[in-house]
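First residue of the sequence shown? That's 71 in the numbering used here, and the numbers climb one at a time after it.
Ideal Cβ placement from N, Cα and C applies to all residues, glycine included.
Have a look at the structure below before the remarks.
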Amino acid sequence: MAELPAFLSAQEVGSFAYLTIKDRTPQILTKAIDTLHRHKSEFFEKHGEEGVEAEKKAISLLSKLRNELQTDKPIIPLVDKHIDTDIWNQYLEYQRSLLSEGDGEPRWFFSPWLFVECYMYRRIHEAVIQSPPIHDFDVFKESKDKNFFESQESINALCTHLQQLKPARDLSESQLKDEFFKLLQVCKQYYEHFIQMSISLQMFMHQ
């Protein structure tokens, strides 16, 4: 069996992983902080001063996280008591076990890009759940709702395509493989070019 390729990381300047960790992830954290700040009045109306203090705490934790990321600090264990905390910390230990002597600790610009980006989102969640009574606030709800409603035409087109495939039981293996890779391509296009998703899907469906 062929060896797996080396994992993507932000070590290579100019690479996708490098630009993601250097530029995109700090922007995501900044937007999360801005979202919390914009809802300060709402937190006060619902929870009084306790809500305002919770907002300050969550922002402080996210600001600390952003600093850790931008200065390539070591990845630290989660400290909350959520259901998946132990799993995350065990995986961090696994990443640590893969390092050679002299590599130091798992870090933002050194460890696998996919791991550190997912870890960042988990730390965002940790910052909020550690800040009651706003512990159930979703800093991404507004953007998720906006993206969903703006994507309805594309979603409908994709669902229609899948419904057309459902009764097609006589497709050959090569045809099934082709359709599968088309769907993978849609996922890739959605991730990279969300704004142009509708156009990309229309072109894809007419290939």
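Taking only heavy atoms of the ligand MN into account, decide whether any of them is closer than 7 Å to the Cβ of residue i.
i, result
"I204", "With respect to small molecules bound, the structure shown includes none, and the ligand MN cannot be examined in it."
Contact check, residue i vs residue j under 8 Å by CB: the rounded distance?
i, j, result
"I145", "P182", "Not a contact, Cβ separation roughly 11 Å."
"I194", "A87", "Actually they do not touch by this definition, with Cβ atoms about 19 Å apart."
"R192", "L241", "The pair is not a contact, with the Cβ atoms about 39 Å apart (cut-off 8 Å)."
"Q165", "F185", "6 Å"
"E163", "T90", "Not quite, the Cβ-Cβ distance comes to about 24 Å (not below 8 Å), so this is no contact."
Report all residues from its chain with a CB closer than 8 Å to the CB of residue i; omit the five preceding and five following residues, and keep chain order.
i, result
"E212", "T105"
"M273", "Residue confidence is low: M273 scores 42 on pLDDT, short of 50, so the model does not pin down where it sits. No coordinate-derived value is stated."
"A230", "Reading off the sequence, residue 230 comes out as Thr, not Ala. Contacts found: none."
"D142", "R177, W178, F179, F180"
"L78", "S85, F86, A87, P182, W183, L184"
"P75", "none"
"D173", "F180"
"E82", "Y88"
"Y161", "F185"
"L169", "E175, P176"
Determine the contact status of residue i and residue j, defining contact as a CB-CB distance below 8 Å.
i, j, result
"H109", "I129", "no"
"P96", "L139", "yes"
"S201", "K92", "no"
"D323", "I98", "Shown here, the chain extends from 71 to 277; a query on residue 323 therefore has no answer."
"G281", "I204", "This structure does not reach residue 281, given that the chain is present from 71 up to 277, and the question cannot be answered."
"V209", "L228", "no"
"S114", "A124", "Looking at the sequence provided, one finds Phe at residue 114 rather than Ser. Their beta carbons are not under 8 Å apart, which means F114 does not touch A124 by this criterion."
Here's a check: name, in chain order, each residue in its chain whose Cβ is nearer than 6 Å to the Cβ of residue i, leaving out the five neighbours to either side.
i, result
"R136", "P96, L99"
"H117", "P203"
"Q266", "A caution first: Q266 carries a pLDDT of 43, below 50, which makes its placement in the model unreliable, though a value can still be read off. The answer is none, since no qualifying residue turns up."
"T155", "L148"
"F207", "V198"
By Cβ distance below 7 Å, which residues in the same chain neighbour residue i in space, the five residues on each side in sequence not counted?
i, result
"F218", "none"
"L235", "E249"
"F72", "Just to set this straight, residue 72 is Ala in the shown sequence, not Phe. Hits under 7 Å: none found."
"H152", "I199"
"H276", "Its pLDDT being 42, under 50, H276 is placed unreliably by the model, and nothing is read from it."
"E171", "none"
"S278", "Residue 278 lies beyond the range of the chain shown here (71 to 277); nothing can be said about it."
"N159", "P147, L148"
Only counting runs of 3 or more residues, tell me where the beta strand (DSSP E) segments fall wholly within the region 142-230, in order along the chain. none
Whole alpha helix (DSSP H) elements within the region 81-125, 4-residue minimum: Fully enclosed alpha helix (DSSP H) runs of 4 or longer: 86-89, 95-108, 110-117.
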